[in-house]
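Since the structure comes first, as structure tokens, the remarks are kept for the end.
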Amino acid sequence: MSNPLAPGSLAGKRALVTGSSRGIGADTVQYLADAGASVVINYRNKEARAAKLADSIRAKGGSALVAGADLTDPASVAAMFDQINAELGGLDILVMNASGGMESGMAEDYAMTLNRDAQVNLLTAALPLLGPGSRVVFVTSHQAHFIRTTETMPEYEAVALSKRAGEDALRAMIPALDAAGVGFVVVSGDMIEGTITATLLERANPGAIGARKEAAGRLYNVSEFAAEVAAAAVDEVPANHTRYVGDVSGFDQSEE
Ligand SMILES: NC(=O)c1ccc[n+]([C@@H]2O[C@H](COP(=O)([O-])OP(=O)(O)OC[C@H]3O[C@@H](n4cnc5c(N)ncnc54)[C@H](OP(=O)(O)O)[C@@H]3O)[C@@H](O)[C@H]2O)c1
1 MSNPLAPGSL AGKRALVTGS SRGIGADTVQ YLADAGASVV INYRNKEARA
51 AKLADSIRAK GGSALVAGAD LTDPASVAAM FDQINAELGG LDILVMNASG
101 GMESGMAEDY AMTLNRDAQV NLLTAALPLL GPGSRVVFVT SHQAHFIRTT
151 ETMPEYEAVA LSKRAGEDAL RAMIPALDAA GVGFVVVSGD MIEGTITATL
201 LERANPGAIG ARKEAAGRLY NVSEFAAEVA AAAVDEVPAN HTRYVGDVSG
251 FDQSEE
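Quick note: the sequence shown uses the working numbering, first residue 1, plus one each step.
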């Protein structure tokens, strides 16, 4: 892992990364903690992994809290922010990483519930804790960001539509965020090698990852993509509020 953030550069800052017990969220929260931020590791199911990650951050001299919350349950989100407020007094960085919708056995509209409605509820509930100069980062995929202009694999379409609906709903909050002095950045990345999502899509469409890799030139891995997400928490906000990670030439950018 190569941290884009200088040691100590986030000293005194407080950061929450949703869905950070594993995967992209876990690497992102580690970069932020290694740069000196007091981090909050949010998990839904993976409490033991979240606790282990928090221990490893503390063992390096960092500061980490663990906060369980199912983002689709507004009461547990409210309890998480009460905990953060009580223990840290506010937040400077919110990374909206948690995502889903390909799980089996969920309600038909679960993707929309998690990727749109729960994200809007999360940011609305977080706003009172975010002071001027703070930053919100929403993580998405090129396949979702460009879904209105570029088709994707059928297995991912419902997730892509729900994540884009979530992105649009969050973008509609930019005036309120601006008024509060809060920066907002969408990080959009191509498929990430080694993730569960990529593995599921490859299983349904053998050769899909190889084809994307060939078309894009290369694909990012989890730690490389997480480094971009962490950097988006501190770099200047792009004019269109979008940080593209990896090749976008295969996507129709007429609406950008
Ligand atoms: N995978 C890719 O190829 C790819 C490419 C581009 C962008 N991205 C974006 O990167 C982000 C992370 O992707 P990933 O592949 O690392 O995801 P992942 O492996 O599926 O992990 C999802 C995370 O979200 C959490 N989560 C799921 N449902 C939740 C809920 N209802 N409440 C709270 N937390 C919940 C999970 O927590 P638990 O483990 O505790 O359940 C887990 O930590 C997503 O926003 C995704 O769109 C991914």
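C-beta: ideal position from N, C-alpha, C; glycine also. Just so we're clear, the structure is a prediction, and the values are computed from it rather than from any experiment.
Taking a cut-off of 8 Å on C-beta distances, the stretch 108-127 touches the stretch 68-78, as three or more cross pairs fall below it.
The beta carbon of Gly189 sits closer than 7 Å to at least one heavy atom of ligand 1. Rounded to the nearest angstrom, the gap between the Cα atoms of Val66 and Ile41 is 5 Å. When the five nearest sequence neighbours on each side are left out, the beta carbons in the same chain lying within less than 8 Å of the beta carbon of Gln119 are those of Leu71, Met96, Phe138, Gly166, Ala169, Leu170, in order along the chain. Going by beta carbons, Val136 and Val187 fall outside the 8 Å limit.
Nearest to Ile93 by alpha-carbon distance, out of Glu47, Asp235, Ile192, is Asp235.
If you draw a 10 Å sphere on the C-beta of Arg203, you find fewer than 16 other C-beta atoms in it, and that means exposed. In the three-state reduction of the DSSP assignment, Phe138 falls in the strand class. Ranked by Cα distance from Phe225, the options Gly210, Ala6, Asp252, Val29 are led by Val29.
Under the three-state reduction of DSSP, Pro175 is assigned to helix. For Ser76, the uninterrupted alpha helix (DSSP H) run begins and ends at 74-88, by DSSP.
Residues of the same chain with their beta carbon placed closer than 6 Å to that of Thr199 are lacking, with the five preceding and five following residues left out of the count. For Val229, the enclosing alpha helix (DSSP H) has its first and last residue at 222-232. Distances between the C-beta of Ser162 and the heavy atoms of ligand 1 are all 7 Å or more. Going by beta carbons, Gly250 and Ala208 fall outside the 8 Å limit. Taken through DSSP and simplified to helix, strand or coil, Pro132 comes out as strand.
For Ile196, no beta strand (DSSP E) encloses it; the enclosing alpha helix (DSSP H) starts and ends at 196-204. The three-state reading of DSSP puts Asp34 in helix, counting H, G and I together. Pairing Lys46 with Ser21, the inter-Cα distance amounts to about 6 Å.
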